[in-house]
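Asker: Could you have a look at this structure, given as structure tokens, before my questions?
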Amino acid sequence: MSGTLLLALNFPPFGGGIARMMGEVALRYPPRSLTISTGTWPGWEAGDPRFPQTIDRVAIGAKRLRTLNGLGLWTWRAASLARRTRPGFVWCDEVKPAGYAATWLHARGGPPFGVVAHGADFLLLDAKIRRSVFKRWTARHILARCSVVVANSRWTADLARSVLEFLGCRALAADVRVVPLGTTPSRFRPGLDPAPARRRHRLEGGPWLLTVARLDYHKGIDTVIRALPAIRAVFPTACYAVAGIGSRRDSLERLVAELGLGDAVRLLGFVSDDELPA
């Protein structure tokens, strides 16, 4: 056996933080040591050559990998890949749906597998397993066979441990690992001139609080906005900038208006990778 198999619904050019993380993982594995199994997404033909790994795309859209038919096709394709490449380990980008395919492989003599925990995935799982016997059974079926859970922060690790304890996976809960998210030192480094980017986005003054994230309910952006009046009572020039797009923009704009924060909160929309280090 050699190499590693990554089962990832979320993989570039699919958007979002998990896809970005999986792409960075693929860039940093030794060349040709990782095989990625994923779905299709507009632009993948142009993007895949930048990764020094084998990328095998199931011939359906990535979002359809969550459906019953899509999951069946993905599992069949992953089994074919495993027979051909004989990986020593399988990584799942999330518990579900990748965990279903990994569990199926493992139950039939396939390699051990691990799950990456991000936060929202385990928040949703925690809610579902507490109100649904079926969801509890499916989650336990996956995680009872999982070899390791790797969390992106101590907070996420604590959440994962709570879920695992609730499911009765106590040995796995006791061994949750934490690997914090990193950056590319050649891009995110001291000494960069932030002035051009700040002028372009009208980020004068400050100090500035910053969030770079999709505008979703679980990101806590509304919590920071609600806290900003209290922060400004102590630091009157403090402001808050949010870089990202998402479905909650309208509700966040209404909240800013309700609190009378005006330009103290800037929803910047999409900010390019080149500007983020500034």
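Just so you know, the sequence shown maps onto residues 19 to 296 in this note's numbering.
Here a beta-carbon is modelled for each residue, glycine too, at the ideal position from N, C-alpha and C.
Here the structure is a predicted model, which is why all the values come from computation and not from measurement.
#1: Could you please give the first and the last residue of the uninterrupted beta strand (DSSP E) stretch that includes Ala261?
#2: Is it true that the CB of Val274 sits closer than 7 Å to the CB of Tyr258?
#3: If I follow the unbroken beta strand (DSSP E) through Leu228, where does it start and stop?
#4: Would Ile78 and Gly90 be called neighbours here (beta carbons separated by less than 7 Å)?
#5: State the Cα-Cα distance for the pair Gly137 and Ala26, rounded to the nearest angstrom.
#6: If we count the other Cβ atoms within 10 Å of its Cβ and call it buried at 16 or more, is Arg148 buried or exposed?
#7: Please name the residue in Phe69, Arg266, Arg272 and Asp291 whose C-alpha comes closest to that of His236.
#8: Assuming the contact rule is C-beta atoms closer than 8 Å, Ser51 and Leu24 should be a hit. Round their C-beta distance to whole Å, please.
#9: Could you check whether Pro115 and Leu142 sit closer than 7 Å to each other, using their CB atoms as the reference points?
#10: Quick test of the definition: if touching needs 3 or more C-beta pairs under 8 Å, does the stretch 157–164 touch the stretch 186–199?
#11: Does the CB of Val274 have a neighbour CB from chain D at under 7 Å?
#12: So, using beta-carbon positions, are Leu45 and Asp74 closer together than 7 Å?
#13: Below 7 Å between beta carbons: does that hold for Gly280 and Leu233?
#14: Exposed or buried, what is Val151 when buried is set at 16 or more other beta-carbons lying within 10 Å of its beta-carbon?
#15: Pop quiz: Val108 and Phe131 are said to be a contact at Cβ under 8 Å. What is the actual Cβ separation, rounded to whole angstroms?
Answerer: Short version:
#1: As a working note, residue 261 is residue 243 in the sequence shown. Ala261 -> beta strand (DSSP E) spans Cys257 to Ala261.
#2: On the sequence shown, residue 258 is found 240 positions in, with the first residue counted as 1. On the sequence shown, residue 274 is found 256 positions in, with the first residue counted as 1. Contact flag unset, no.
#3: Numbered from 1 along the sequence shown, position 210 holds the residue referred to as residue 228. Element bounds for Leu228: Trp226 to Val230.
#4: By 1-based counting over the sequence shown, the position of residue 78 is 60. By 1-based counting over the sequence shown, the position of residue 90 is 72. Not closer than 7 Å, so no.
#5: Looking up residue 137 in the sequence shown gives position 119. Looking up residue 26 in the sequence shown gives position 8. The straight-line gap separating the alpha-carbon atoms of Gly137 and Ala26 is approximately 16 Å.
#6: Residue numbering aside, residue 148 sits at position 130 when the sequence shown is read from its first letter. Counting Cβ neighbours within 10 Å, Arg148 comes out exposed, since fewer than 16 surround it.
#7: On the sequence shown, position 218 is the one that residue 236 refers to. For His236, the nearest C-alpha among the options comes from Arg266.
#8: Along the sequence shown, one-based indexing puts residue 51 at 33. Along the sequence shown, one-based indexing puts residue 24 at 6. With 8 Å as the limit, Ser51 and Leu24 do not qualify as a contact, their Cβ atoms being about 11 Å apart.
#9: Walking along the sequence shown from the start, residue 142 turns up at place 124. Walking along the sequence shown from the start, residue 115 turns up at place 97. No, the pair does not count as a contact, with Cβ atoms beyond the cut-off.
#10: Touching, yes, given that three or more Cβ pairs across the two stretches are closer than 8 Å.
#11: In the structure shown, chain D cannot be found, because there is only a single protein chain.
#12: One-based indexing of the sequence shown puts residue 45 at position 27. One-based indexing of the sequence shown puts residue 74 at position 56. Not closer than 7 Å, so no.
#13: Position 262 of the sequence shown, counted from the start, is the residue given in the question as residue 280. Position 215 of the sequence shown, counted from the start, is the residue given in the question as residue 233. No, the pair does not count as a contact, with Cβ atoms beyond the cut-off.
#14: Counted from its first residue, the sequence shown places residue 151 at position 133. It is exposed - the Cβ of Val151 has fewer than 16 other Cβ atoms within 10 Å.
#15: The residue given as residue 108 occupies position 90 in the sequence shown. The residue given as residue 131 occupies position 113 in the sequence shown. Confirmed, about 4 Å.
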